[in-house]
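Residue numbers (the working numbering): 62 to 442.
A virtual CB, placed ideally from N, CA and C, is assigned to each residue, including glycine.
These notes are about the structure you will find just below.
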Ligand SMILES: Cc1cc2nc3c(=O)[nH]c(=O)nc-3n(C[C@H](O)[C@H](O)[C@H](O)COP(=O)(O)O)c2cc1C
């Protein structure tokens, strides 16, 4: 019997769960350590309520947003996610195409399995951002930054919340690593998911070969562990990147208002309030709780975006009403690509767009500029 199409992001997740090997599904779905931060994000969002206005004539609505003077069809952008290309054949390009078709920005991860030039060629005409992890090999980092600019990436998004690798115990139990290291457990997991095995792994094997971490430094390097996160990363590097990259510079992983101020001083063009989708510091506060102080510190001097656990249009409307410029979505898009490639990502964006539109109407707003903190209601305990 034909299944009805996914009605929401949770439905897309359920489809992805059926298709994907367990190791891949859990890599996407789960957090770090005791996985408290995922719940922290969700609970904080759910505790915030919207106090609607009525009788405001909301028949004509638009959720278009402006970012750096350019329009976004919706106030969302696709967050960088390392494995999209392993969830669906050519998943990085497919995801980027869906974003471009929807008129929203797409961020390619340093840890993607598709070269940044190939994604730019495969998804022309849109707003592409390149996410940078700063690794030990700084010469290689500089090359990547130049490549991103030459390939037409509008923004460089430097992830600053990963000085060291997070503790994800289920990956060890599942025998899962990026780049993939083949062990008996993983091979059994892959072999018992034939749709993924044939549609993704076998297709790669028969065409380009199983892809690896294409942005890693290869060949002789003057530094030890060239592809390991550089834990010495500090504001000097951000200032260097500022001078190196002529486009927009974004920092992702800011939670403290003082860091937001320092970002302004370093000349960045925007920040993403993020706790990495609850995948890094498990004791982190919720991003929606971090947002107001950061917004106050920035005081409108650059766009402040936010991510982590935004799975409903109403979640996104809450952040926008508080003053965020846009919301990045990670897993929502990843579940889409894992469920059905480009069409799945388009479907995920469509679901969120439709939900945003409905909540705007329900709260009495016809444009995003009408969303304001007056709509936000928090319980007073
Ligand atoms: C599977 C997966 C891979 C990710 N890979 C990266 C990455 O390579 N670089 C990065 O900065 N963030 C990465 N993130 C974090 C996302 O960019 C984003 O911050 C997070 O997913 C937002 O939370 P959400 O998934 O609940 O929307 C990843 C997240 C997921 C789920």
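As the crow flies, the alpha-carbon of residue 342 is around 33 Å from that of residue 281. When the beta-carbon positions are compared, residue 400 and residue 80 come within less than 8 Å of each other. Here the alpha carbon of residue 385 sits roughly 45 Å from the alpha carbon of residue 267. Excluding its 5 nearest sequence neighbours in each direction, residue 89 has C-beta neighbours in its own chain below 7 Å: 144, 392, 395, listed in chain order. Under the criterion of beta carbons closer than 8 Å, residue 369 and residue 328 do not qualify as touching, at roughly 26 Å.
Fewer than three pairs of CB atoms, one per stretch, sit closer than 8 Å, so the segment 295 to 313 makes no contact with the segment 259 to 274. Under the DSSP assignment, residue 332 falls in the beta strand (DSSP E) whose first and last residues are 331 to 334. A straight line joining the alpha-carbon of residue 68 with that of residue 404 spans about 14 Å.
Annotated three-state conformation of residue 385 is coil, per DSSP. Bounds of any beta strand (DSSP E) do not take in residue 119, whose DSSP letter is neither H nor E.
Classified as exposed, residue 255 has fewer than 16 neighbouring CB atoms from the shown chains inside 10 Å of its CB. Short of 7 Å from the beta carbon of residue 70, and not among the five residues preceding or following it, lie these beta carbons of its own chain, in chain order: 372, 393, 396, 409, 412. Residue 193 is a Cβ neighbour of residue 171, given a cutoff of 8 Å. Residue pairing by DSSP places residue 220 opposite 313 in a beta bridge. DSSP, read as helix, strand or coil, puts residue 390 in strand. For residue 440, the CB contacts under 7 Å within the same chain, skipping 5 residues up- and downstream, are 108 in chain order.
The DSSP assignment places 296 to 305, 318 to 326 as complete runs of the alpha helix (DSSP H) inside the segment 268 to 353, in order along the chain (cut-off: 4 residues). Here the distance from the Cβ of residue 391 to the nearest heavy atom of ligand 1 is below 7 Å. In the DSSP assignment, the residues bridged to residue 110 are 438. Beta-bridge partners assigned by DSSP to residue 191: 169, 217. Every alpha helix (DSSP H) of 4 residues or more that sits fully in the segment 228 to 253 is shown, in chain order, as 230 to 234, 245 to 252.
Exclusion of residue 360 from the 7 Å shell around ligand 1 follows from its C-beta lying no nearer than that to any non-hydrogen atom of the ligand.
Here the segment 198 to 207 does not lie against the segment 225 to 244, with fewer than 3 beta-carbon pairs under 8 Å apart. Exclusion of residue 78 from the 7 Å shell around ligand 1 follows from its C-beta lying no nearer than that to any non-hydrogen atom of the ligand. Contact between the segment 357 to 364 and the segment 104 to 119 is not established, with fewer than three Cβ pairs separated by less than 8 Å.
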